[in-house]
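Reading through the structure tokens given below for one structure.
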Amino acid sequence: MREEEIRGVDLKAYTKTLANGFKIYLVPNKKSKKKNKYYAALGTHYGALDIDFSLGNKTISSPAGIAHFLEHKIFAQEDGVDPFTFFSESGCYSNAYTNYKVTCFIIGGSKELEKNLDFLIDFVHQPYFTKENVEQEKDIIVQEIRMYQDNPGYQVSETLSKNIYLQLPFYNQVIGSEKSVRSVTVEDLNTCYHAFYQPQNMFLVMTGNFDPITVMEQLTEKISKFENKKEVVKIKKYHEPMKIKKEMEVIHGKVELPKVAIAYKMSRDSFPIVEDYVLDLYLNMITAISFGSTSDFREMIRKRGLTTGIGYYFRRSSNCITLFIEAECKTETAADELIEEIDKYLKHLVIHPEDLERIKKVWISSEIIRSDYAENYLDYLVDDIIEYNRIVLDYVDLIRKMNMKELEKIVAKLNFKQRSIVKLLKQDKEN
Amino acid sequence: MEYIKQDMGSYQLHIIKTDEFKSVTVELIFRQSLTKESITNQNLLNRILSLSCEKYPSKVELSRACQDLYGASITASARGYGQAMAAIYRLRVLNDKYTEPNNFAKALELSSAILYQPDIEENHFKEENFEIVRAEYEASIKTLEEDKRSYALIRLFEHVGKDSPIGIRGRGYLEELEKITPDSLYQYYLNMLKHGIVDIFVLGDVDIEETKELITKNFKFDTYKPRRLPVYNELLAPRKRIRYIREQTQGKETIMAMVYLYSDLTQYDINYPLALYNVILGGGSDSLLFSEVREKNSLAYYIYSSLRILDGVGVIVGGISKEQEQKCVTLIRKAIKNLACKITDEQLEKAKEYFLSALEEIEESANEIIETYHMMELIDADDLKTRREKIEQVTKEEVLNVARKISLHTAYFLEGEDE
Numbered sequence: 016m017r018e019e020e021i022r023g024v025d026l027k028a029y030t031k032t033l034a035n036g037f038k039i040y041l042v043p044n045k046k047s048k049k050k051n052k053y054y055a056a057l058g059t060h061y062g063a064l065d066i067d068f069s070l071g072n073k074t075i076s077s078p079a080g081i082a083h084f085l086e087h088k089i090f091a092q093e094d095g096v097d098p099f100t101f102f103s104e105s106g107c108y109s110n111a112y113t114n115y116k117v118t119c120f121i122i123g124g125s126k127e128l129e130k131n132l133d134f135l136i137d138f139v140h141q142p143y144f145t146k147e148n149v150e151q152e153k154d155i156i157v158q159e160i161r162m163y164q165d166n167p168g169y170q171v172s173e174t175l176s177k178n179i180y181l182q183l184p185f186y187n188q189v190i191g192s193e194k195s196v197r198s199v200t201v202e203d204l205n206t207c208y209h210a211f212y213q214p215q216n217m218f219l220v221m222t223g224n225f226d227p228i229t230v231m232e233q234l235t236e237k238i239s240k241f242e243n244k245k246e247v248v249k250i251k252k253y254h255e256p257m258k259i260k261k262e263m264e265v266i267h268g269k270v271e272l273p274k275v276a277i278a279y280k281m282s283r284d285s286f287p288i289v290e291d292y293v294l295d296l297y298l299n300m301i302t303a304i305s306f307g308s309t310s311d312f313r314e315m316i317r318k319r320g321l322t323t324g325i326g327y328y329f330r331r332s333s334n335c336i337t338l339f340i341e342a343e344c345k346t347e348t349a350a351d352e353l354i355e356e357i358d359k360y361l362k363h364l365v366i367h368p369e370d371l372e373r374i375k376k377v378w379i380s381s382e383i384i385r386s387d388y389a390e391n392y393l394d395y396l397v398d399d400i401i402e403y404n405r406i407v408l409d410y411v412d413l414i415r416k417m418n419m420k421e422l423e424k425i426v427a428k429l430n431f432k433q434r435s436i437v438k439l440l441k442q443d444k445e446n
Numbered sequence: 024m025e026y027i028k029q030d031m032g033s034y035q036l037h038i039i040k041t042d043e044f045k046s047v048t049v050e051l052i053f054r055q056s057l058t059k060e061s062i063t064n065q066n067l068l069n070r071i072l073s074l075s076c077e078k079y080p081s082k083v084e085l086s087r088a089c090q091d092l093y094g095a096s097i098t099a100s101a102r103g104y105g106q107a108m109a110a111i112y113r114l115r116v117l118n119d120k121y122t123e124p125n126n127f128a129k130a131l132e133l134s135s136a137i138l139y140q141p142d143i144e145e146n147h148f149k150e151e152n153f154e155i156v157r158a159e160y161e162a163s164i165k166t167l168e169e170d171k172r173s174y175a176l177i178r179l180f181e182h183v184g185k186d187s188p189i190g191i192r193g194r195g196y197l198e199e200l201e202k203i204t205p206d207s208l209y210q211y212y213l214n215m216l217k218h219g220i221v222d223i224f225v226l227g228d229v230d231i232e233e234t235k236e237l238i239t240k241n242f243k244f245d246t247y248k249p250r251r252l253p254v255y256n257e258l259l260a261p262r263k264r265i266r267y268i269r270e271q272t273q274g275k276e277t278i279m280a281m282v283y284l285y286s287d288l289t290q291y292d293i294n295y296p297l298a299l300y301n302v303i304l305g306g307g308s309d310s311l312l313f314s315e316v317r318e319k320n321s322l323a324y325y326i327y328s329s330l331r332i333l334d335g336v337g338v339i340v341g342g343i344s345k346e347q348e349q350k351c352v353t354l355i356r357k358a359i360k361n362l363a364c365k366i367t368d369e370q371l372e373k374a375k376e377y378f379l380s381a382l383e384e385i386e387e388s389a390n391e392i393i394e395t396y397h398m399m400e401l402i403d404a405d406d407l408k409t410r411r412e413k414i415e416q417v418t419k420e421e422v423l424n425v426a427r428k429i430s431l432h433t434a435y436f437l438e439g440e441d442e
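So the protein lines, in turn, are chains V and H.
Okay, so the first sequence: first residue is 16 according to our numbering, each after it adds one.
Okay, so the second sequence: first residue is 24 according to our numbering, each after it adds one.
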């Protein structure tokens, strides 16, 4: 077991990789009199991107949305014990989520830590799929799909994803489509379960109030017994071409105000920084400075009334980096003007050193404040594990070390030539 | 943890001294009556105060000032509490131990500047600023329907609580917004300062005497105020038959939102046995409704119930298919009927654990702790320790007694389109 400081935030991380490859990360609170909650996430590096893979010498192409379907069905148990019921007996919360890269099962409680942790591992380890319970789940998931599809933000990002990626299966939604969900079979679920729910592909993270030594012993004993299947899984590797499928699409829906989303696609390889986590920090810094509440650009578009709300983020996956900007505008004309302004602005992006220094200060504060909230901190650690396969212990130092020289090198490599736009406009009455 | 409350004449000061958080949270709460006019004015005022102030006359400058104080966050919000409305101005900033001496004091000064030295000219907010926030606020009201679940709940309460504060939209009203001018908004602002009932909460690892001094120095209210506002809404009259309301929207999902009433319950019944009843019925992923509607019949992805004790109602919400409306209602009626006859020991124990766990959750969050003390101020709610003790003591008979006094009142459907 390794015991390391998470520097600058007064926390320690206890980590261990078991002989079977399973990884454990424990980040307990400092001794606390009032905060009694513990939070655990049991995860597998398996998400909506992983639909095409090989298992031993077999090549498998699974239906879109199967990782999420599997997440739902893991809760089905042969002996009929409902995990929700089991956990709720000690007031423990349980839930699960799937995104493009990971599936996680979460619990949060204040009692019966040992028993609940044990059961978390057990129920994820022995799901029970039958034709009947798989069919039953389809209606529930279809209901969930409809809930998302009615959301205008979802409609925009769904369309945009389809238009920017040629290889990477971001063109699928995490949940899949009604059609792909209806096609899922017990066999599909079994295949994917055995491929991805193997110790070497999984991890457990904990935060909150618990004793790391005892928990580490318990987990080690329990999980070391699990063996990996012989067949090795290989996820299909993608090399995303730096091209856009569709540069512009206008869709219609039930919105009062137009929404617009812009994506800029660029190659990861063009950036000089080797470490992903350092590159991600700089990319996020660039967007925070350029589009955050303290940017002059934001002030200009606010004063001109070009937008009533704007959001932005980077996505990095395999060889591809995508910058997304989403906004709501009063009119379609304002939306067009905004797109033009953003384009102009990005192509002549200038970053001022005082902005960098100020936002560094804010980020360091956020690191410290975040460490007080065990439940959020768990998600934050899971994000690190998904992206970097470890938890980053020195964010505070890394942020301190950020500098203009590096930042300018990255700004110089930003490329805004590959662009795709989606506009969502109000449905005409006649349609 | 140490809690002190002090009457400062024109406001109450509450200091919650705790070393569980590395930041300090300060909330200034102004309470007034909830009306269509007040909630709309308040929302717009919060936006304009957050945009700029005299010293930092643009959003950019104000945001930079916050960031310079190690990312101090100063936010404004407003929400209804039964008949009352609270405007909440919240400062969160790292404790000086993690920043530099006087950072907290400076953050309080900035909060004070935002509240007391707004960006005005000749007794009105500046036209230019007014137009920016007006347009953004208008957009936020107009896009309300995009969040179908919230919209369905709003419509449900508009039908149920016509002519009562129960039906007032927290987001505000376009027709009220139209009436507001830079002058009238400024008058509203002065009125809030003068007549709002004020509580100030400070939570963090602070020195009590020093904090008192800092608060006194930065926040002055010159009028003496009555201490209480009515909070609880008048109870709705029970109905013999459920009222069905159907409205149409685009999209695929149908949202079902129902109101249930409870009658003849004491305050104790409402705070404890009813709270447990609601957990058994529709709290969490192990409730009766979750199990019946989702797990056994695959009719919904989500279904839950929650209590609005200030409005005297419980609410059940689920996302379903249009053709399954009647089936869902039948299942819900059956669940309510069954609970009136039988509650198992296991159900009761699990509900207690759920409740206790929710109390533990409060301790994890500075905002939630403050909200607990706020509710103690507002409606004499019990403190956390008392709540823990009382919930443990609730008997099955007490919950059954409550279960027999539950009746469905209205079933509202925001219907999606046919397949």
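From the three backbone atoms N, C-alpha and C, an ideal C-beta is built for every residue, glycine too.
Remember, predicted model here, so these are calculated numbers, not experimental data.
Problem - Boundaries (first-last residue) of the beta strand (DSSP E) holding Met31(H) - result: Premise fails: Met31(H) is in no beta strand (DSSP E) and is neither H nor E.
Problem - Three-way DSSP call (helix, strand, coil) for Pro253(H) in this model - result: Here DSSP, grouped into helix, strand and coil, assigns Pro253(H) to coil.
Handout entry: Complete runs of the beta strand (DSSP E) confined to the segment 52–140 of chain V [at least 3 residues]
Key = Within the segment 52–140 of chain V, the complete beta strand (DSSP E) runs of at least 3 residues are 53–59, 67–70, 73–76, 108–113 and 118–124.
Handout entry: Residue burial classification, Ala110(H) (beta-carbon count within 10 angstroms, cutoff 16)
Key = Per the 10 Å Cβ criterion, buried.
Exercise for the section: Assuming Glu270(H) contacts Leu431(H) (C-beta within less than 8 Å), just tell me the rounded distance between them. Expected result: Glu270(H) to Leu431(H), Cβ: 19 Å. No contact.
Handout entry: Contact with chain V by Arg317(H), beta-carbon distance below 8 Å
Key = True, the Cβ-Cβ gap to chain V drops below 8 Å.
Practice task
Would you list the one or two residues that DSSP bridges to Pro447(V)?
Solution key: Outside the displayed span of chain V (16 to 446) sits residue 447(V), for which this structure offers no information.
Handout entry: Minimum Cβ-Cβ distance from Gln273(H) to chain V less than 8 Å
Key = Chain V contact via Cβ: present.
Practice task
Kindly list the residues whose CB is nearer than 8 Å to the CB of Ala389(H), restricted to its own chain and excluding five residues on each side of it in sequence; keep chain order.
Solution key: Closer than 8 Å at the Cβ level, and outside the excluded window around Ala389(H), lie Phe44, Ser46, Thr48, Arg115, Leu226 and Gly227.
Practice task
For chain H, find out if any of its Cβ atoms is closer than 8 Å to the Cβ of Ser198(V); answer yes or no.
Solution key: So no, Ser198(V) is outside the interface.
Handout entry: contact_flag[the segment 171–186 of chain V, the segment 348–356 of chain H] where n(CB pairs < 8 Å) is 3 or more
Key = Counting Cβ pairs under 8 Å, fewer than three are found: no touch.
Problem - Per-residue burial, Thr348(V) [other beta carbons within 10 Å of its own, 16 or more giving buried] - result: Classification for Thr348(V): exposed.
Handout entry: Assigned exposure category for Tyr403(V) - 16 Cβ within 10 Å defines buried
Key = By the neighbour-count rule (16 or more Cβ atoms within 10 Å), Tyr403(V) is not buried but exposed.
Problem - Inter-stretch contact at 8 Å, needing at least 3 Cβ pairs: the segment 63–81 of chain V / the segment 234–252 of chain V - result: Touching, yes.
Exercise for the section: Assign Asn118(H) to buried or exposed, taking buried as 16 or more other Cβ atoms, counted over all protein chains shown, within 10 Å of its Cβ. Expected result: Around the beta carbon of Asn118(H), 16 or more other beta carbons sit within 10 angstroms, so the residue counts as buried.
Handout entry: Contact set between Val83(H) and chain V, taken where Cβ atoms lie within less than 8 Å
Key = Result: Ser308, Thr309, Ser310, Asp311, Arg313 and Glu314.
Handout entry: Contacting residues, own chain, Cβ-Cβ under 7 Å from Arg197(V) (five flanking each side not counted)
Key = In the same chain as Arg197(V), and ignoring 5 residues on each side of it, the C-beta atoms closer than 7 Å to its own belong to Lys153, in chain order.
Exercise for the section: Determine, using beta carbons only, whether Asp222(H) and Tyr34(H) come nearer to each other than 8 Å. Expected result: Contact: yes.
Problem - Rounded straight-line distance, which links the Cα of Ala63(V) to that of Leu85(V) - result: Taking the CA atoms as reference points, Leu85(V) sits about 11 Å from Ala63(V).
Practice task
Report the three-state DSSP secondary structure of Leu422(V) (helix, strand or coil).
Solution key: DSSP places Leu422(V) in the helix class (H, G or I) of the three-state scheme.
Handout entry: CA-to-CA distance, Arg172(H) to Leu296(V), given in whole angstroms
Key = Approximately 36 Å between the Cα atoms of the pair.
Exercise for the section: Reducing DSSP to helix, strand and coil, say where Gly103(H) ends up. Expected result: Strand.
Practice task
Would you kindly check if the distance between the Cβ of Ile406(V) and the Cβ of Tyr40(V) is under 8 Å?
Solution key: In contact: Tyr40(V) and Ile406(V) (Cβ atoms closer than 8 Å).
Problem - Beta-carbon proximity of Cys353(V) to Ile316(V), cut-off 8 Å - result: Reading the sequence as shown, one finds Leu at residue 353(V) and not Cys. Taking 8 Å as the Cβ cut-off, Leu353(V) and Ile316(V) qualify as a contacting pair.
Exercise for the section: Run down chain V in chain order and give the residues with a C-beta less than 9 Å from the C-beta of Gly344(H). Expected result: At residue 344(H) the sequence reads Ser, which differs from the Gly that was named. Here the neighbours are Asp154, Val157, Gln158 and Arg161.
Exercise for the section: Would you tell me roughly how many angstroms separate the C-alpha atoms of Lys263(H) and Tyr435(H), rounded to the nearest one? Expected result: If you take the alpha carbons of Lys263(H) and Tyr435(H), they lie about 17 Å apart.
Problem - Cross-strand partners of Gln271(H) (DSSP beta bridge) - result: Under DSSP, Gln271(H) shares a beta bridge with Glu438(H).
Exercise for the section: Give the straight-line distance between the Cα atoms of Asn178(V) and Lys432(V), rounded to the nearest whole angstrom. Expected result: Distance between the alpha carbons of Asn178(V) and Lys432(V): 15 Å.
Problem - Of the listed residues Thr58(H), Glu169(H), His37(H) and Leu133(H), nearest to Leu72(H) (C-alpha basis) - result: It is Leu133(H) whose Cα lies nearest to the Cα of Leu72(H).
Problem - Helix, strand or coil at Pro167(V) [DSSP, three-state] - result: Note: Pro167(V) maps to helix in three-state DSSP.
Exercise for the section: Please go through the same chain and pick out, in chain order, the residues whose beta-carbon is closer than 6 Å to the beta-carbon of Pro131(H), but skip the five residues on each side of it. Expected result: Before going further, note that residue 131(H) is Leu rather than Pro in the sequence given. Taken in chain order, the residues that qualify are Leu237 and Asn241.
Exercise for the section: Give the single residue among Tyr209(H), Ile268(H), Gly305(H) and Ile220(H) whose Cα lies nearest to the Cα of Lys248(H). Expected result: Taking Lys248(H) as reference, the option from Tyr209(H), Ile268(H), Gly305(H) and Ile220(H) with the minimal CA-CA separation is Ile220(H).
Exercise for the section: Measure from the alpha carbon of Ile21(V) to the alpha carbon of each residue in Ile383(V), Glu242(V), Thr206(V) and Ser109(V), then state which is nearest. Expected result: Nearest option by C-alpha distance: Ile383(V).
Problem - Alpha-carbon spacing of Ala448(H) relative to His397(H), whole angstroms - result: Any property of residue 448(H) remains undetermined from this structure, which presents chain H solely from 24 to 442.
Exercise for the section: Indicate the three-state DSSP secondary structure (helix, strand or coil) for Pro228(H) in the structure shown. Expected result: The sequence shown places Asp at residue 228(H), not Pro. Secondary structure at Asp228(H): coil, using DSSP grouped into helix, strand and coil.
Exercise for the section: Specify, as a first and last residue, the run of the beta strand (DSSP E) that Ile278(H) falls within. Expected result: DSSP places Ile278(H) inside the beta strand (DSSP E), whose first and last residues are Thr277 to Tyr285.
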